[in-house]
């Protein structure tokens, strides 16, 4: 990993304003890569294929709402290029779709992020060092989305099924409404734990010390457990 980082940074002059930003992004991407891939594999396994026409229409409607709400960007919590845990209110539309469609609706967040990134590249047409920074920033955003949004939802679905619940929900009743409220609270709790782990990784990952980096990896792994 260190050799890859050095090879990429060799393309930047020492006084480049993007060098330190890309360096931090590369370290964070390396730390998040393995758990993010694990979540992606889990999502692929859980995805129902194929969708019938009614469910496909509902998926398209939810995706449209996601893109609409994506204009309402959430503010950043920490300063610095790496500490920007960007996101949008579109994820709330996604969770509503998950309750009706099941795990397949979780692809809305990932596809929506890809669409917004493609639009950004089409409008800004970044080049040079700025393009490299944006490339790795997108990688970070994709992995954070998998860990912050997809993983909590998959965890709640798994627990709900283990307790004998049907998913997606097949009917609307007072009991189901209470279940939805409970699942939403559990999902929020897991998401908060993941955000805490990611923010810790962003903070401790700023140090150049390998000892500090190792501690950050350990803290992130323990948080995932």
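Residue numbers (our numbering): 1072 to 1296.
Ideal Cβ positions, reconstructed from N, Cα and C, are used throughout, including at glycine.
Note that this is a predicted model, so its numbers are computed, not measured.
For residue 1221, there is no enclosing alpha helix (DSSP H), as DSSP marks it with neither H nor E.
Here residue 1173 carries a coil assignment [DSSP, helix/strand/coil]. Under the DSSP assignment, residue 1106 falls in the alpha helix (DSSP H) whose first and last residues are 1090 to 1117. DSSP, reduced to helix, strand and coil, places residue 1264 within a helical segment of the structure shown. Across the structure, residue 1119 and residue 1175 are spaced so that their CA atoms are roughly 6 Å apart. Put simply, of 1214, 1265, 1255 and 1111 the residue whose alpha carbon is nearest the alpha carbon of residue 1166 is 1255. Counting only residues of its own chain and dropping the five nearest sequence neighbours on each side, residue 1228 has a CB closer than 7 Å to the CB of 1174 and 1238. A distance below 7 Å between beta-carbons, with the five flanking residues on each side excluded, links residue 1206 to no residue of its chain.
Contact between residue 1172 and residue 1129 is confirmed by a C-beta separation of about 6 Å, below the 8 Å threshold. The Cβ atoms of residue 1161 and residue 1136 sit closer than 9 Å to each other. For residue 1127, the enclosing alpha helix (DSSP H) stretches over residues 1124 to 1140.
Take residue 1221, set aside five residues on each side of it, and the residues of its chain with a beta-carbon closer than 7 Å to its own are 1110, 1114, 1177 and 1180, in chain order. Put simply, the backbone Cα of residue 1198 is about 29 Å away from that of residue 1218.
Inclusion of residue 1240 and residue 1250 in the CB contact set at 9 Å is warranted, their separation being smaller than that value. Of the other Cβ atoms in all chains shown, fewer than 16 fall within 10 Å of the Cβ of residue 1233; this residue is therefore exposed. A distance of 9 Å or more separates the beta carbons of residue 1214 and residue 1188. Shown here, residue 1189 sits in a helix according to DSSP, grouped into three states. With respect to residue 1168, residue 1133 sits close: the two C-beta atoms are nearer than 9 Å. For residue 1207, the uninterrupted alpha helix (DSSP H) segment begins and ends at 1199 to 1216.
For residue 1262, the closest C-alpha among the options 1163, 1098, 1105 and 1127 is that of 1163.
Residue environment analysis places residue 1108 among the exposed positions, since fewer than 16 neighbouring C-beta atoms fall within 10 angstroms of its C-beta. Sixteen is the threshold: since fewer than 16 other Cβ atoms of the shown chains lie within 10 Å of the Cβ of residue 1259, the residue is exposed.
Annotation: residue 1142 to residue 1200 spans about 27 Å, alpha carbon to alpha carbon.
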